[in-house]
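Each remark here refers to the structure printed beneath this line.
Numbering (my numbering), first residue to last: 2 to 305.
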């Protein structure tokens, strides 16, 4: 499982020891870590300066830890809006003796996070409903390099169905076929990897140039860069979304998009080709400064 850890202020090291047991890697200003149950924990190292790392985290996670601090402020509200417009529906509110739970409950009662259970840092326990199952295979390419004697290697998250050694998949967006030569999880060789795993994959039939020009491997072959969407705007976003270049993240891949309006529909125009799937994505206005309402809302792709 991949858990997004969100907090308006950096969490003190002493408190973090209750949440994570080991730091793994730093990608796109996102720290990847493990908890004591080997769940992956992702948290931003540059919020609130940027919301792009929060976009990344929420686009690959399936559960949220939200730390309630001693003072609930506009940054907490911004993170609450990010969660509200993401595809994540489950999480925990983490608290300690200094958390202002009274203000938290008052401000966020009608939001997703207002329905999350609360937990002390020392007794974190996750109760989940049935996990969402996707009908496709997808592995993000967060890092890539060439290893002498092994060949092309990618590091990323398994975000769809189980993948297996020897399986043939497609590079995105080039649609070039590749096969999985080997799989490593935490530097241990495996024959397969489940959804939520952070993996290293050696790939056959892939050059260094291929790795630079692609952002994922997948079973999906139909790609689009313009698609009809259901648009839900945040009530706090005061700009014209149809006149701005906006940002979203497709399973960890940063995208810019423009929205256009027809008589009875809205279309999203992306700067890259992406798989045609039925998913919802948080959109933000990264041109705005801290203190402005940067959360635009969400779009749901409408599959033809």
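Quick reminder that beta carbons are idealized off the backbone N, C-alpha and C, glycines included.
With a cut-off of 8 Å on the beta carbons, I'd call residue i and residue j a contact; round off their distance for me.
i	j	result
residue 91	residue 64	5 Å
residue 199	residue 89	Residue 199 to residue 89, Cβ: 18 Å. No contact.
residue 140	residue 157	5 Å
residue 248	residue 257	6 Å
residue 69	residue 50	Their Cβ separation, rounded to whole angstroms, is 22 Å, which puts residue 69 and residue 50 out of contact at 8 Å.
residue 42	residue 12	That pair is no contact at about 11 Å.
residue 230	residue 267	6 Å
residue 71	residue 110	In fact, because the Cβ distance is near 20 Å, the residues do not count as touching under 8 Å.
residue 211	residue 177	6 Å
residue 58	residue 81	Incorrect: roughly 15 Å between the Cβ atoms, too far for contact.
Please identify the residue among the options whose C-alpha is closest to the C-alpha of residue i.
i	options	result
residue 174	214, 248, 157	214
residue 205	167, 191, 5, 232	167
residue 79	112, 185, 266	112
residue 52	146, 3, 283, 109	283
residue 180	203, 188, 244	203
residue 10	234, 252, 77	77
residue 105	294, 75, 134, 128	75
residue 143	260, 251, 294	251
residue 238	302, 287, 270	287
residue 1	44, 93, 27, 135	The chain is shown from 2 up to 305; residue 1 falls before or after that span and cannot be answered.
residue 148	132, 137, 182	182
residue 304	253, 291, 227	227
residue 56	254, 263, 128	254
residue 127	194, 36, 240	36
residue 160	211, 146, 219	219
residue 186	155, 14, 171	155
residue 290	176, 48, 44, 31	48
residue 277	259, 224, 293	224
residue 31	16, 5, 17	5
residue 87	120, 132, 22, 280	280
residue 196	136, 125, 271	136
residue 221	271, 7, 193, 172	172
residue 301	264, 82, 232, 184	232
residue 274	292, 265, 216	216
residue 25	108, 44, 265	44
residue 8	46, 298, 192	46
Three-state secondary structure (DSSP) at residue i?
i	result
residue 75	helix
residue 211	helix
residue 81	helix
residue 89	coil
residue 278	coil
residue 102	helix
residue 285	strand
residue 162	coil
residue 292	coil
residue 193	strand
residue 5	strand
residue 299	strand
residue 201	strand
residue 70	coil
residue 259	strand
residue 266	coil
residue 272	strand
residue 10	coil
residue 96	strand
Buried or exposed for residue i, going by 16 or more other Cβ atoms inside 10 Å?
i	result
residue 39	exposed
residue 208	exposed
residue 73	buried
residue 62	buried
residue 189	exposed
residue 27	exposed
residue 145	buried
residue 99	exposed
residue 67	buried
residue 54	buried
residue 243	exposed
residue 60	buried
residue 299	buried
Is residue i close to chain E, meaning its C-beta is less than 7 Å from at least one C-beta of that chain?
i	result
residue 54	Structure shown: chain E not included; a single protein chain is present.
If you scan the stretch 214-257 from start to end, which runs of the alpha helix (DSSP H) of 4 or more residues do you find wholly inside it?
none
Q.
Suppose only complete runs of 3+ residues qualify. What are the beta strand (DSSP E) ranges in the stretch 12-64, listed by chain order?
A. 23-28, 31-35, 41-45
Counting only runs of 3+ residues fully inside the stretch 104-152, write out the beta strand (DSSP E) ranges in chain order. 118-121, 139-141, 144-148
>> Extract the residue ranges of the beta strand (DSSP E) inside the stretch 162-186, only unbroken runs of 3 or more that lie entirely within it.
In response: 169-173, 178-186
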